[in-house]
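Enquirer: Got a structure for you, written out below as structure tokens; questions coming shortly.
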Amino acid sequence: MPHVLSLMRKVLCVDWDRRALRLVVARVGQGVVSLEDAHSHPVPDDIDVDDPVAMGGLLARMLRWHGWRYRRVIVDVARDKAVINRLTLPPTPLDELAAAVQFQAMRELPFPLEQAAIDYVVTARNSDGLATEVMLAAMRREALTRLRETCRVAGLTPTRIGLRPYANLVSVRRLPGLAEQRVLFVDVGPAMTEIDVICGGVLTFSRAANVTVPPHAAVDGALADGAAAEAAHAARETAVRDLEVEITRTLQAYRAT
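Under our numbering, the residues of the sequence shown are numbered 223 to 479, in order.
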């Protein structure tokens, strides 16, 4: 065990939305991931999370507050910042796969291919080992540049930029008994909820739903007023109903595939 631990390295992972900045430190190596530290910090109302200077500055302040001196980072990209589509291909050998995916992507993406950074993973092969299906992921290059600039302002260099649905997939794979099951994964955010379907350890469907979830408020002087408390309760009830509708729509869309 001491030998294994000596080969493990610490990695910093960051993820954020408009309400919270999340920081995770893990030890990785020898096929083992061990959680070292994790924190979630509120994002002040005057911080624009899409402004690299403002968001990068906040990230730098939080790193200093924890006394961390990391220079490299792994970053998650939220589902609503990316296009994720399942593409069916004619049986395609590996050396022709990139060109085939690019050709299909030209027809599938809602923005020009030259403006996109794309990646893909093979999700199905035929009996001859030729790829017949891939999961395509793409995001606008300007969004990718903005994310890298945010890290630069914070004094960090991204070693890997991944999609949050795939982080969810890794989480499910590590849960006992779920790796080969069909799993509905719902990640509720303040303005966007990510809904993934994972089947047999493979991400088979993913979408983002625009649902605003009001922040939790303690019962203080502001909510002591009956009208204010009733309004807050109604807002939460509306958010729950909207989430139920979006989850149902996701399941219907998944079944249609």
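C-beta atoms are modelled at their ideal positions from N, C-alpha and C, and glycine is treated no differently.
1) Go through its chain and collect everything with a Cβ distance to M361's Cβ below 8 Å, but skip five positions before and after it.
2) Please identify the residue among D239, M328, L358 whose C-alpha is closest to the C-alpha of F427.
3) Taking all protein chains shown into account, do 16 or more other C-beta atoms lie within 10 angstroms of the C-beta of C373, making it buried, or fewer, making it exposed?
4) Looking at the structure shown, is P224 part of a helix, part of a strand, or coil, going by DSSP?
5) Does V392 pass the burial test, meaning 16 or more other C-beta atoms within 10 Å, or should it be called exposed?
6) Could you please give the first and the last residue of the uninterrupted alpha helix (DSSP H) stretch that includes M284?
7) Give me the Cβ distance between V250 and V295, rounded to the nearest whole Å; I'm assuming they're in contact under 8 Å.
8) Under 7 Å Cβ to Cβ from M328, same chain only, skipping five residues before and after it: list those, please.
9) Helix, strand or coil: which one does DSSP assign to M230?
10) Answer with buried or exposed for G399, where buried requires no fewer than 16 other C-beta atoms within 10 angstroms of its C-beta.
11) Decide if V356 is buried, meaning its Cβ has at least 16 other Cβ atoms within 10 Å, or exposed.
12) Starting from T470 and walking both ways along the beta strand (DSSP E), at which residues does that stretch end?
13) Does at least one heavy atom of the ligand ATP sit under 6 Å from the Cβ of V233?
14) Among all the DSSP beta bridges, which residues are the ones paired with S428?
Expert: The relevant details are as follows:
1) Take M361, set aside five residues on each side of it, and the residues of its chain with a beta-carbon closer than 8 Å to its own are V299, K303, A304, V305, A338, A339, in chain order.
2) Comparing C-alpha distances from F427 to each of D239, M328, L358 shows the shortest one belongs to L358.
3) Flag for C373 reads buried.
4) For P224, the pLDDT reaches just 46, beneath the cut-off of 50, and the residue's location in the model is therefore unreliable, although a value from the coordinates is still provided. Helix, per DSSP.
5) Classification for V392: exposed.
6) 274-288
7) The Cβ separation is near 13 Å, so there is no contact.
8) Excluding residues within five positions, the ones whose Cβ falls inside 7 Å are L335.
9) coil
10) exposed
11) buried
12) For T470, no beta strand (DSSP E) run applies; the uninterrupted alpha helix (DSSP H) run containing it begins and ends at 448-478, by DSSP.
13) Judged by which ligands are present, the structure shown has none, so any question about the ligand ATP falls away.
14) DSSP, once it has assigned bridges, lists D418 as partnering S428.
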